[in-house]
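So for the first sequence, the numbering used here puts the first residue at -4; every next one is plus one.
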Amino acid sequence: MQPFTEEVIAIIRAIPAGKVMTYGQIAELAGSRRAARQVVRVLHAMSRSHGLPWHRVLNAHGKIGERDGESMMRQIEHLEAEGVKVSARGEIDLAVYQYWPPPESPI
DNA sequence: GCCATGGCTAGTA
DNA sequence: GCCATGGCTAGTA
-4 MQPFTEEVIA IIRAIPAGKV MTYGQIAELA GSRRAARQVV RVLHAMSRSH GLPWHRVLNA
56 HGKIGERDGE SMMRQIEHLE AEGVKVSARG EIDLAVYQYW PPPESPI
């Protein structure tokens, strides 16, 4: 597995319940600001095998990216179960729910 | 190497 | 348009 991929996985795994992050934000933290689409790929390829909280990842507007209706509903259910409010349009208020990991927590 | 993939995104029109 | 991966292919050695 490539370093970028591992980094992305580590970041996503660290998102606490009830919080969300955006594709671009994760890409940037993983070291490649414009690689948001790679985050999408990682999510597709690894979320199952790595047990990632895929539902806590949104696009830059705080909207659910998932196109398939069923997966979208599952995502909404997961978020709401964690206390995240999702509007009828499938939007989440990033100002309230976006997670910012602490900068390099010391051991 | 090349090419497709992919749940994006900053920034014009 | 951007860009990291994986898979496949020409084309050398």
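A virtual CB, placed ideally from N, CA and C, is assigned to each residue, including glycine. Quick caveat: nothing in here was measured; it's all calculated off a predicted structure.
Open item on the list: Please report the distance separating the alpha-carbon of glutamine 93 from that of glutamine 20.
Closed with: Here residue 93 is taken as the residue at index 98 of the first sequence, counted from 1. Here residue 20 is taken as the residue at index 25 of the first sequence, counted from 1. Their backbone Cα atoms lie some 10 Å apart in a straight line.
Proximity winner among Ala90, Tyr18 and Ala25, relative to tryptophan 49 (alpha-carbon distances): Reading the first sequence from its first residue, position 54 is the one you call residue 49. Ranking Ala90, Tyr18 and Ala25 by Cα distance to tryptophan 49 puts Tyr18 first.
The alpha helix (DSSP H) enclosing glycine 64, as first and last residue numbers: Locating residue 64 in the first sequence gives position 69, counting from the first residue. Membership of glycine 64 in the alpha helix (DSSP H) is indicated by the continuous run 64 to 76.
request  = Tell me where the alpha helix (DSSP H) around histidine 39 begins and ends.
outcome  = Residue numbering aside, residue 39 sits at position 44 when the first sequence is read from its first letter. First-last of the alpha helix (DSSP H) with histidine 39: 31 to 45.
What did DSSP end up calling glutamate 86 once you bin it into helix, strand or coil?
Here the question's residue 86 lines up with position 91 in the first sequence. DSSP, read as helix, strand or coil, puts glutamate 86 in strand.
Sub-8 Å separation of isoleucine 4 and valine 37 beta-carbons: In the first sequence, counting from the first residue as 1, residue 4 sits at position 9. In the first sequence, counting from the first residue as 1, residue 37 sits at position 42. The beta carbons of isoleucine 4 and valine 37 sit closer together than 8 Å.
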